[in-house]
Amino acid sequence: MGVEFNLKDFTDFKDGLIKLSQSGNIRAFNKEVVENMASVYVREAKLNTPVGKRSVKFMQHGKIQTKYFDSEHTRQSWSVGKYQLNNTSGKVEVFNTSSYASFLNDGHRQEVGRFLPWIGQSKGGVMQGGRLKKSWVDGAYMHEKAEKVVNKNAKRIMEITLKKWIEDHGGY
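As structure tokens, then:
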């Protein structure tokens, strides 16, 4: 009993790689790979950026009230910088333009008992708000989670991009 292999696909793949390297388009391919990785990074970072309804409880007229608010500012603030090519590598910067994104990502200290007034008008001459309860707020680690996903899938992203690139440029 014998085993037979058809190596034509491997030969076609090798020929496609040779064609890519000789075409002078390796820089454009590098740019496409880096941009695809940046897209995956931004998608993961947005998925891990906390949003949605938040609430703060406060006392008003002897009753505990709850104030709800919704925030998507940080999620909408993810951006990808301009592609930069060096002699040996390409890079693109992914960042969040929200002024408090680093605090949300890494966590932050806060002063227990500090009063946070609501933005707006006071009710009945009394400023509405709430007091801070915890001294430390844990971070959401959006950057680290996104970086982990990109590193885990980098090889697959490159393979998919390479296959698409070869097909688009007359390869196998």
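Every position in the sequence shown, counted from 1, becomes a number in my numbering once 932 is added.
C-beta atoms are modelled at their ideal positions from N, C-alpha and C, and glycine is treated no differently.
The structure displayed is predicted, hence computed values, not measured ones.
Only counting the same chain, and skipping five residues up and downstream in sequence, which positions put a Cβ closer than 8 Å to that of glutamate 1126?
Outside the shown range of the chain, which is 933 to 1104, sits residue 1126, and nothing can be said about it.
Taking the alpha-carbon positions, what's the asparagine 1083 to valine 972 distance?
For this step, residue 1083 is matched to residue 151 along the sequence shown. For this step, residue 972 is matched to residue 40 along the sequence shown. For asparagine 1083 and valine 972, the distance between alpha carbons rounds to 10 Å.
Once the 5 residues before and after glycine 1039 are set aside, which same chain residues still bring their CB inside 7 Å of it?
In the sequence shown, the residue the question calls residue 1039 occupies position 107. So the list reads Trp1068, Val1069, Asp1070 and Gly1071, once near-sequence residues are dropped.
Measuring alpha carbon to alpha carbon, tell me which residue in Lys1066, Leu1064 and Gly1022 is nearest alanine 960.
As a first step, residue 960 must be located in the sequence shown, where it is residue number 28. Looking at the Cα atoms, Gly1022 is the closest of the given residues.
Buried or exposed for threonine 943, going by 16 or more other Cβ atoms inside 10 Å?
Position 11 of the sequence shown holds residue 943. By the neighbour-count rule (16 or more Cβ atoms within 10 Å), threonine 943 is not buried but exposed.
Taking Cβ positions, are methionine 969 and asparagine 1028 nearer each other than 9 Å?
To locate residue 969, count along the sequence shown from 1; it is residue 37. To locate residue 1028, count along the sequence shown from 1; it is residue 96. No, these two residues do not count as a Cβ contact at 9 Å.
Would you please verify whether the beta carbon of threonine 1006 is less than 9 Å from any beta carbon of chain D?
The structure shown contains no chain D, having only a single protein chain.
So, with DSSP's three-state summary, where would you put histidine 1101?
Taking the first residue of the sequence shown as position 1, residue 1101 is located at position 169. In this structure, histidine 1101 counts as coil in the three-state DSSP scheme.
Please classify leucine 1094: does DSSP put it in a helix, a strand, or coil?
Residue 1094 sits at position 162 when you count from the first residue of the sequence shown. DSSP places leucine 1094 in helix when its eight states are reduced to three.
I'd like the span of the beta strand (DSSP E) that includes histidine 1040, first residue to last.
As a first step, residue 1040 must be located in the sequence shown, where it is residue number 108. Element bounds for histidine 1040: 1039-1041.
Helix, strand or coil: how does DSSP classify serine 1011 here?
Translated into the one-based positions of the sequence shown, residue 1011 becomes position 79. Reduced to three states, the DSSP call for serine 1011 is strand.
How is the beta strand (DSSP E) around leucine 1048 delimited, first residue to last?
Locating residue 1048 in the sequence shown gives position 116, counting from the first residue. 1047-1049 is the span of the beta strand (DSSP E), which, as asked, contains leucine 1048.
On the criterion of 16 or more Cβ atoms from any shown chain inside 10 Å, does valine 1026 qualify as buried, or is it exposed?
Taking the sequence shown and counting its residues from 1, the one referred to as residue 1026 is at position 94. Burial call: buried.
Beta-bridge partners of glutamine 1016, as assigned by DSSP
As a first step, residue 1016 must be located in the sequence shown, where it is residue number 84. DSSP lists Lys1023 as partners of glutamine 1016.
Coarse secondary structure for asparagine 1028, derived from DSSP in three states
What you label residue 1028 is simply residue 96 of the sequence shown in a count that begins at 1. Strand.
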